[in-house]
Structures are given as C-alpha cells and as structure tokens.
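Notes follow the structure.
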Amino acid sequence: MTCTAAGPTTGSLEIVTVTTGPAQDANGYLVSVDDGATQPIGTNAAVTLSNVPATEHTVQLRGLAANCGVTGDNPLGVAVDAGATVRVSFSVTCAATTGALGVTILGLPDGTDAAVTVDGPNDFSEVVTRTDTLDGLTPGSYAVSAENVATGGTTYTPSVGRPTVPVAAGATAAVTVTYTEVAAVPTLNLQIDGLYLTQSTQTYNSDVPLVAGRDGFLRVFVVANESNAARPSVRVRLTSPGAPEWTQNISAPPGSTPTRVQEGDLESSWNLPIPGSEIRPGLSIVAEVDPDDDVEESNNNDNRFPASGTKALATRNVPAARIRFISVQQGSSPPGDVSDPNRLIDLARRMHPLNEVSVDVDPTVFPTGPLSPNGDGWGQMLSDLDGKRVAEGTDRIYFGVVELGYGRDAGLVGLTLGQGVPTAAGWDDVSDATRVVAHELGHVWGRRHSPCGNPPDVGPYPYPGGQIGVYGMDVSRTELKRRASPDIMSYCFDNPWTSDYTYTNIMDFRGPSSAVASVVSTPQPSMLVWGRLVNGQPVLEPAFHIVARPNLPKRPGPYSVSATAVDGSRLFTLSFDVVVAEDGPAGNGHFAFTVPLDQARATRLHSLRLQGPTGGASSSRPMAQLRTGPVSESIVARREGENVSLRWNAAVHPMIMVRDPDTGEVLSFARGGTAVLRSAKAELDLDVSDGVRSQRVRLAISRW
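For the sequence shown, the numbering used here gives the first residue as 9, with consecutive numbering after it.
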C-alpha cells in the first residue's frame with residue numbers, strides 16, 4: 009500500500025468594507041460567518057479569517073447605523089477553496105442626517121450687526137448677525153425672525169424672505185433677510201409693561217400680599233417698540249394713608265431699553281430697594297417712564313403706569329415670629345450648637361413672610377435619648393420638647409438643635425411634631441441647619457411637602473416638580489431666584505426658595521387665628537396631660553400639676569382623655585386628634601394639653617384614661633398615696649462635672665419633671681429611675697409624678 013500526505017482542508021477569508029457618504033458610524037460594523045459569532049470591522053477596513061473550512065459559506069455585515077445601508081446583497085455567499093484566500097467586499101453607503109440653512113443678510117452698512125433669530129426643533133435658537141450658514145441642523149421647520157437695527161441715527165427695518173424654512177437632511181436651505189433704511193421720523197415708543205414690589209416672591213400681577221414694615225425690592229419693566237439706544241429714567245411715587253408721598257427717580261440699567269419683558273434678568277428692569285418704613289397697609293404706586301421727556305418718542309401719552317389712578321399693593325400687618333432655640337444633647341454626644349441663632353434663622357428670615365423676628369436661646373441643654381436616621385427617638389424628643397413648651401406656657405416656637413452622628417443622605421435631619429404645632433427640631437450642620445429651620449418652620453406654619461425629591465405626605469401644589477414657579481428675590485442680597493428653583497417645602501436641596509403658593513399660605517396661616525398667636529390667657533393651676541402614639545399604640549405620659557396658661561384641644565377628634573375622681577365621678581374629658589409629624593415614622597403621633605384644675609379637684613383625682621381607635625392606656629393613683637413628706641429622701645442627685653446624675657424609684661415615680669430653681673425652665677423629663685442632665689445650679693426643683701398627680705420638691709445636689 010502506498011500513502012500520500014493529505015492536502016489542506018481549510019482556506020482564508022478576507023472581508024472588506026468600503027463606506028461612502030457623510031455621517032459614517034465611528035463605531036464601525038460587525039461581521040459574522042454562517043450566523044456565527046460576530047466580530048468588529050471598521051467602516052473602511054479589512055479582516056482576514058484563517059482556518060475557514062473549504063466549503064460554501066455566507067458572510068453577513070451587521071450593526072449598521074440607521075442612515076447606512078449595504079449596496080448589493082447582504083449576506084453574501086462565498087466558496088472557500090483549500091489553501092486559498094477568498095475576498096468578500098461590502099459596499100456601504102451612508103446618508104446625511106442633518107441639513108444646513110444659509111442666511112443671507114442684505115442692506116445694512118458694513119460692520120453693522122443684524123438682529124436675526126433662527127428658531128427650530130429641539131429648542132434650537134441662534135442669533136445671526138452676519139451672512140452665515142448654520143450647519144448640523146436637525147431636519148424640520150425653522151422660523152426666521154428679525155428686529156429693527158439702529159445705527160448712526162438711522163433705523164433699518166427687516167424683511168424676511170421666508171419666515172418659515174424647511175430644512176432637509178443632506179441639503180442646504182436658504183433664506184434672505186433684507187434691511188431697508190427708514191426715514192428719520194421718530195418711531196420709538198416707550199411704555200411700562202408692568203411693575204411689582206417683591207419681598208421674597210411675587211407674581212407679575214402682584215398677587216402676593218406685602219408684609220408691612222419689611223424691606224422690599226421694586227422692579228419696573230420698561231419696554232420699547234423697537235431696537236434702540238435709549239436709556240430713560242423712571243419716576244415712582246408711593247402713597248399710603250396718613251403718610252407723605254414718597255418719590256424716587258430710578259436710573260436706567262446698563263444697555264438699551266429692551267423690546268420685551270425679560271423678568272429673569274435684573275439688568276432688564278428698573279430696580280429700586282424700598283425701605284420697610286414705606287410699606288404700609290393701603291399702599292399704592294404710580295410710575296412714569298421718561299418723566300422729563302429726555303427721549304424723543306412717537307407718543308408721550310402712554311408713559312404712565314397705570315394709565316390712570318394708582319396701582320394698589322395689598323399690604324398686611326403680620327404677627328411677630330417668636331422662636332426659641334434649644335440645645336439638645338442625645339446621650340453622650342455633644343450638645344447641639346446654638347451659639348449663633350441668627351445663622352440658624354437666617355434663611356427663614358430672608359424667605360418667609362416675616363417682619364419682626366424675635367429669637368432667643370434657652371440657657372439650658374435638654375437631654376434626650378439616641379436619635380436614629382429612620383426616625384426612632386425623634387418622636388420622644390419632640391414630645392418632651394413640646395411638654396416643656398406647654399409647661400413653660402410660652403408663645404414661642406420651640407426648636408431643638410441637635411448634633412447628629414450621620415449625614416443628610418443617611419436619613420432624618422429635621423422634624424416637626426405635627427403640621428401647625430409650634431415644636432420642631434433639626435440638626436446643627438453649619439452648611440444645612442438654616443435650610444432645615446426654614447423647612448420645619450414651614451410645617452409649623454401649616455405647610456405640607458412640595459413634590460420634589462420624593463417626600464412623604466405631599467400636599468396640593470400648583471407647579472410641576474416642586475418648582476417655585478415664579479421668580480423669587482433675596483432682597484437682602486439682591487439675588488434673583490430662578491423659577492425652576494425647588495420650593496423650600498420639598499426634598500430637593502439645591503438652593504431652595506419659597507414659591508408664591510407656600511409664601512401666601514404661610515402668611516394666611518400666621519394670621520390672627522394662627523396656632524402660634526400670642527398667648528393672652530392668665531397662668532392658673534392646671535394639669536399637663538400628654539402622650540403619644542408609638543406604632544399606632546397609645547402611650548399616656550405621667551401627668552403633672554403645674555401653674556400654666558390653659559392649652560385645650562381646638563376641635564374634637566377620635567381620641568379622648570378622661571379624668572375620674574375617687575368616687576367615680578368625671579372631673580373632665582378631652583376630645584381631640586393627635587398631631588402627626590410630616591416626616592416621622594408611620595403610626596406615630598402626639599398630644600399635649602394643660603387643663604385648668606384647681607387644688608380641690610386635683611385632690612379628688614384618681615385616674616386618667618386615654619382612649620382611641622386602636623386601644624387605650626390609663627394611669628391610676630397608687631394605693632399608697634403620693635407622699636406628702638420629704639419625697640426628696642428617695643431621690644439622689646449627684647454632681648458629675650458639668651452634669652447632674654439623678655437616681656430614684658421609677659416604680660413609685662415613673663417620671664420627674666426637672667426644673668431650674670430660679671427660672672422655672674424645664675430642664676428634663678426624667679424617666680426610668682436614672683437620668684443625666686446639665687445644670688450648674690446647687691439645687692433643682694423636681695415635679696415628681698406618680699402617673700396621676702405630682703408634687704414639687706427642691707433637692708440639693710450632692711458632690712459625692
């Protein structure tokens with residue numbers, strides 16, 4: 009037998025691409041053989057495949073852009089011969105995806121800029137000042153407009169050959185704008201399109217009431233009927249009942265008089281700071297452009313705004329905002345920083361409808377338990393702060409300031425006890441604390457969340473995405489706020505401001521019926537009745553007998569607290585609804601009232617019963633009556649540096665209200681038999697509760 013060496017059984021396949029035309033795909037294509045795995049190939053390239061079986065194959069070019077196509081067959085059939093190299097070539101043609109527009113400008117003197125605007129698809133807008141070709145345009149319809157041009161004392165008016173020009177892919181459309189010299193007859197006319205006085209936010213029609221006594225910023229919008237170089241002044245006159253007329257001239261801003269209102273540009277309006285002393289109820293205004301006829305116009309009879317009479321500017325007196333910042337210490341963390349209360353209130357003062365703002369700092373450090381990013385511990389802290397506020401009988405908003413061990417992205421950094429309730433808290437972060445104060449005060453003044461950043465409990469809101477919707481103004485900084493800025497009541501934190509909607513609703517809330525209106529009742533013997541909902545379950549806190557201003561439910565609700573005497577008779581019943589924190593955990597709520605209760609009825613009190621839709625809770629006087637002797641013998645108070653440590657029998661006295669012996673301020677609501685609080689005093693006043701009744705004792709602090 010004779011054997012011979014076997015010949016080759018494979019060959020090579022060279023694949024070539026040749027691409028012509030514009031808008032070629034820089035990423036190239038994909039090629040596959042016999043529908044197998046693909047591999048990349050350039051737009052004008054070659055790829056050689058080795059060890060291809062010597063037989064018939066199909067080669068397909070894939071991954072072509074939408075504007076490109078293969079000329080001829082795809083896939084292509086090819087026979088590979090053993091030991092040979094076979095070439096397959098694909099011809100690809102790509103079509104243009106954009107077009108062009110040639111703009112020819114005629115009739116203007118050399119060196120004079122035209123005023124031609126081309127607007128088109130996808131918000132395209134470009135100003136053309138010379139003959140030019142605009143390339144790379146999306147196919148579609150383009151609007152061509154032009155404005156008058158004034159130069160060397162001569163005005164030129166435009167004529168647009170085709171105001172609407174279709175632009176096709178791969179083609180260049182054309183339009184001609186011809187300017188014609190106008191005879192030197194005065195055609196310029198100046199008018200005041202509108203004006204408004206803003207203190208934080210304002211609509212163009214002045215729908216937002218002004219705050220009496222608060223500084224404002226006047227914007228007058230002068231427009232001309234044609235392009236010009238005029239820079240007229242504006243004279244304004246303010247009048248209000250019983251006050252002298254206030255007149256000021258406003259110089260023109262830089263540049264010429266605009267031909268349209270540009271509210272988003274401070275340099276396109278005639279601006280004037282208005283002192284708060286001139287903003288009073290009954291305020292009205294009149295303005296006149298070019299009052300001394302310095303500018304030659306075609307019509308001088310329409311320079312006044314309004315055309316007749318005056319424009320009334322609604323102005324309100326608002327109550328003072330009285331806020332107390334309280335340093336809160338959670339566990340062993342440092343106390344919240346309240347060293348600069350003006351920094352904390354700064355944004356709220358600039359943004360909200362306030363005039364007189366009275367801010368003070370509680371001299372004490374208020375202790376609380378650990379605070380969690382998910383809201384755990386916040387309800388207890390706010391409940392205690394509210395109990396302190398009610399017990400102290402003040403008309404101030406209580407705002408706790410706390411240092412947190414986590415950042416804003418981790419979770420909760422501020423919380424209001426409930427919409428319309430004057431108790432809130434927030435972190436002391438230098439870069440964010442003033443925003444949190446402004447946000448939480450919005451809740452205190454009745455506002456719900458605005459729809460940006462996915463907050464809970466979003467209320468009705470007139471603008472999409474939680475935007476402020478109208479231009480805002482930081483008057484103290486002369487800083488215009490864009491309409492797309494997020495509302496302060498949203499969870500979008502990039503330079504928030506207030507909308508006219510939020511602003512006016514806060515102003516309405518803070519009227520005479522406001523929940524934070526001045527307290528006018530007289531302090532009298534009362535009982536602090538308070539409690540919470542925790543995960544939907546009612547908690548009745550120990551009651552305290554105090555001297556305070558009455559604070560009763562404003563309306564009935566599904567919850568009630570009943571006080572029963574030893575003989576079973578009813579001493580009082582409260583019907584109410586709990587307040588719920590906007591940002592707090594679901595199922596949580598709070599209530600706190602001071603109920604007038606004289607000594608005779610207090611002596612008869614035997615039990616308190618809280619009842620609600622999900623259950624009830626009660627407290628009864630122990631069989632062993634509250635001691636009338638030296639209760640202080642069962643309580644140990646020890647000095648530990650700048651802190652005081654308390655120990656007592658919590659089974660007998662579930663809670664102690666700790667007060668400053670000199671000022672009566674509530675320093676702590678101590679629970680559980682042990683507590684640590686800050687005080688430099690040698691003595692403390694303790695209101696010791698058995699759950700139903702309480703007794704005041706003064707306790708000296710031991711130093712060992």
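Every residue, glycine too, gets a C-beta built ideally from N, C-alpha and C. The structure displayed is predicted, hence computed values, not measured ones.
The beta strand (DSSP E) with residue i in it runs from where to where?
{"i": "M481", "result": "G480 to D482"}
{"i": "N257", "result": "W254 to I258"}
{"i": "Q207", "result": "Counting along the chain, Q207 falls outside any beta strand (DSSP E), and DSSP gives it neither H nor E."}
{"i": "N308", "result": "Element bounds for N308: n/a, residue is neither H nor E."}
{"i": "Q47", "result": "Q47 to I49"}
{"i": "Q619", "result": "L613 to G620"}
{"i": "I113", "result": "G107 to L114"}
Less than 8 Å between the beta carbons of residue i and residue j, yes or no?
{"i": "R599", "j": "V586", "result": "According to the sequence as given, residue 599 is Phe; it is not Arg. It is a contact, given that the beta carbons lie within the stated cut-off."}
{"i": "G623", "j": "P546", "result": "yes"}
{"i": "G19", "j": "A103", "result": "no"}
{"i": "A446", "j": "H553", "result": "no"}
{"i": "V696", "j": "V684", "result": "no"}
{"i": "R404", "j": "R330", "result": "yes"}
{"i": "D140", "j": "S133", "result": "no"}
{"i": "P558", "j": "S534", "result": "yes"}
{"i": "V219", "j": "V242", "result": "no"}
{"i": "P174", "j": "A181", "result": "yes"}
{"i": "P375", "j": "P550", "result": "no"}
{"i": "L423", "j": "W453", "result": "no"}
{"i": "F333", "j": "V303", "result": "no"}
{"i": "Q532", "j": "V569", "result": "no"}
{"i": "G107", "j": "A176", "result": "yes"}
{"i": "V294", "j": "R245", "result": "yes"}
Taking all protein chains shown into account, decide if residue i is buried (16 or more other Cβ within 10 angstroms of its Cβ) or exposed.
{"i": "N363", "result": "buried"}
{"i": "G344", "result": "buried"}
{"i": "S702", "result": "buried"}
{"i": "Q270", "result": "exposed"}
{"i": "R711", "result": "exposed"}
{"i": "R357", "result": "buried"}
{"i": "A191", "result": "exposed"}
{"i": "A74", "result": "exposed"}
{"i": "L560", "result": "exposed"}
{"i": "V524", "result": "Low confidence applies here, because V524 scores a pLDDT of 43, under 50, leaving its location unreliable; read the following figure in that light. Answer is buried; the Cβ neighbour count reaches 16."}
{"i": "T431", "result": "buried"}
{"i": "G474", "result": "buried"}
Since residue i is in the alpha helix (DSSP H), which residue starts that stretch and which ends it?
{"i": "K396", "result": "W386 to E400"}
{"i": "V429", "result": "Element bounds for V429: n/a, residue is neither H nor E."}
{"i": "D508", "result": "D508 to F517"}
{"i": "H553", "result": "No alpha helix (DSSP H) holds H553; the beta strand (DSSP E) holding it covers F552 to A556."}
{"i": "H598", "result": "It is not in any alpha helix (DSSP H) - H598 instead sits in the beta strand (DSSP E) that spans G597 to P604."}
{"i": "E155", "result": "From DSSP, E155 is part of no alpha helix (DSSP H); its letter is neither H nor E."}
{"i": "I476", "result": "No alpha helix (DSSP H) contains I476, which DSSP labels as neither H nor E."}
Using the C-alpha atoms, what's the distance from residue j back to residue i?
{"i": "I282", "j": "G221", "result": "10 Å"}
{"i": "V483", "j": "E648", "result": "49 Å"}
{"i": "A399", "j": "G419", "result": "31 Å"}
{"i": "Q68", "j": "T105", "result": "25 Å"}
{"i": "Y164", "j": "D502", "result": "45 Å"}
{"i": "S335", "j": "G408", "result": "6 Å"}
{"i": "G77", "j": "I23", "result": "17 Å"}
{"i": "A232", "j": "R170", "result": "26 Å"}
{"i": "K562", "j": "I514", "result": "19 Å"}
{"i": "L613", "j": "L579", "result": "8 Å"}
{"i": "A34", "j": "P463", "result": "44 Å"}
{"i": "T27", "j": "T146", "result": "23 Å"}
{"i": "D670", "j": "R397", "result": "17 Å"}
{"i": "S306", "j": "T267", "result": "15 Å"}
{"i": "Q633", "j": "Y509", "result": "Only weak support is given to the placement of Q633: the predicted model assigns it a pLDDT of 47, under 50, and the question is left unresolved by the model."}
{"i": "C460", "j": "Y499", "result": "6 Å"}
{"i": "D300", "j": "I353", "result": "45 Å"}
{"i": "V341", "j": "A322", "result": "According to the sequence as given, residue 341 is Ser; it is not Val. S341 and A322: Cα-Cα distance of roughly 49 Å."}
{"i": "N529", "j": "G565", "result": "Before going on, a small fix: residue 529 reads as Ser here, not Asn. Cα-Cα distance, rounded: 24 Å."}
{"i": "D143", "j": "A122", "result": "19 Å"}
Since I believe residue j is in contact with residue i (beta carbons under 8 Å), could you give me their beta-carbon distance rounded to a whole number of angstroms?
{"i": "Y511", "j": "S214", "result": "About 13 Å; that fails the 8 Å criterion."}
{"i": "Q337", "j": "G377", "result": "About 10 Å; that fails the 8 Å criterion."}
{"i": "G115", "j": "T162", "result": "With 8 Å as the limit, G115 and T162 do not qualify as a contact, their Cβ atoms being about 11 Å apart."}
{"i": "A158", "j": "S235", "result": "6 Å"}
{"i": "L38", "j": "R70", "result": "4 Å"}
{"i": "R443", "j": "P504", "result": "7 Å"}
{"i": "G5", "j": "T51", "result": "Since the first residue shown for the chain is 9 and the last is 712, residue 5 is missing from the structure and cannot be characterised."}
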